[in-house]
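A quick write-up on the structure given underneath.
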Amino acid sequence: MQASRWGACLAAFVACGVTGAAWSHHSNAMFDETKVVTLEGTVRDFQWTNPHTWIQLRVMENGQEVEYSVEGRSPNALARIGWKRNTLKPGENVKVTMNPLKSGERSGNVLTVVKADGTVISAREGQRP
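Rendered as structure tokens:
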């Protein structure tokens, strides 16, 4: 009886973990994939986290500094095309192309990053940095 109780607990734990991962993923429906926006700014932070990476980007708009949170693919997906946790560093000046949020909030889905030296880094499969 003790073994079956442990088995049930283990099964429940695994089911919760799998379900949580499935719930955490979302589609691209929130992004306007008909629009591409280019932002020029300074990296405040590059978050190499699951389920998605994030670029916190400081951008000047109308004479004021504002911050964009630009969503990237998972670390695993980006690592497969050559990204690393230190690909972007705080203080680095970059240009980011993204599909913006449909809501108009300061966020979007990263497509490419262009570093100050002109290096283009893609966030899509088949286009290595």
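Going by our numbering, the first residue of the sequence shown is number -13, and it counts up by one from there. Just so it is clear, CB atoms sit at the ideal spot from N, CA and C, and this is done for glycine as well.
Determine, using beta carbons only, whether residue i comes closer than 8 Å to chain D.
i, result
"P37", "Absence of chain D from the displayed structure is noted, only one protein chain being present."
Taking DSSP as the reference, what is the three-state secondary structure of residue i?
i, result
"P37", "coil"
"T24", "strand"
"D18", "coil"
"E47", "strand"
"R30", "strand"
What residue range is occupied by the uninterrupted beta strand (DSSP E) comprising residue i?
i, result
"L64", "Not the beta strand (DSSP E): L64 falls in the alpha helix (DSSP H), residues P61 to R66."
"T83", "N79 to P86"
"L97", "S93 to K101"
Taking a contact to mean a Cβ-Cβ separation below 8 Å, would you say residue i touches residue j in this structure?
i, j, result
"P86", "G94", "yes"
"V56", "V45", "no"
"V29", "M84", "no"
"E26", "K101", "no"
Name the DSSP bridge partner or partners of residue i?
i, result
"S55", "Q42 and S93"
Determine contact between the region 83 to 91 and the region 60 to 75, defined as no fewer than three beta-carbon pairs at a distance below 8 Å.
Contact fails: fewer than three Cβ-Cβ distances are below 8 Å.
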